[in-house]
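Colleague:
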Amino acid sequence: MMPGLLAKPETLRDRNRRQTLQRIDAAELTHEFERQGVRIRPIFQPRLHAEVMYWDDDALAVSSQNWLSANSSQASPRKEIGVFVELNKIADTFLRRFEHARSKLS
C-alpha cells in the first residue's frame, strides 16, 4: 500500500485572516509528495475535521492538527489532539471501513 494522507481542502491563517491556499501551489505540493511515494487525496464528503496519515500498512495517525497550516503555539499547547496507532494492517482496515461508510452517504 502506498503511504497516504486523507486531507480536507485547507486554508492558511495569515495575519489573523483566513485566505485560501494560494501561496503554496497545492497541485505541485501533491505531485511532490507523490514523487516521494506519498499519495494525497482530498476528501470533500463527508466534511471532516480530522486529518489521517498512514504508512507501512501498519501505522496510522489521526489528528485534529491541520498539518499544512499548523500554528502550534507554546502558549496554547493543548489546542489539538491526535492518536497514533501501530497495528497489523491498520491502514488497510481503516481505509476499507472509511470508504464503506462514505459509500453509504451517497
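Count the sequence shown with my numbering and you get residues 3 to 108, in order. Quick reminder that beta carbons are idealized off the backbone N, C-alpha and C, glycines included.
1. Mark Glu-53 as exposed unless 16 or more other C-beta atoms lie within 10 angstroms of its C-beta, in which case mark it buried.
2. What residue range does the alpha helix (DSSP H) around Ser-105 cover?
3. Exposed or buried, which one is Leu-62 when buried takes at least 16 other CB atoms within 10 Å?
4. Pull up the distance between the alpha-carbon of Phe-35 and that of Arg-41, whole angstroms please.
5. Helix, strand or coil for Ala-29, going by three-state DSSP, please let me know.
Modeller: Inspection of the coordinates gives the following:
1. Burial call: buried.
2. For Ser-105, the uninterrupted alpha helix (DSSP H) run begins and ends at 92-107, by DSSP.
3. The residue is buried, with at least 16 neighbouring Cβ atoms inside 10 Å.
4. Near 7 angstroms, if we compare the C-alpha coordinates of Arg-41 and Phe-35.
5. If DSSP states are grouped into helix, strand and coil, Ala-29 belongs with the helices.
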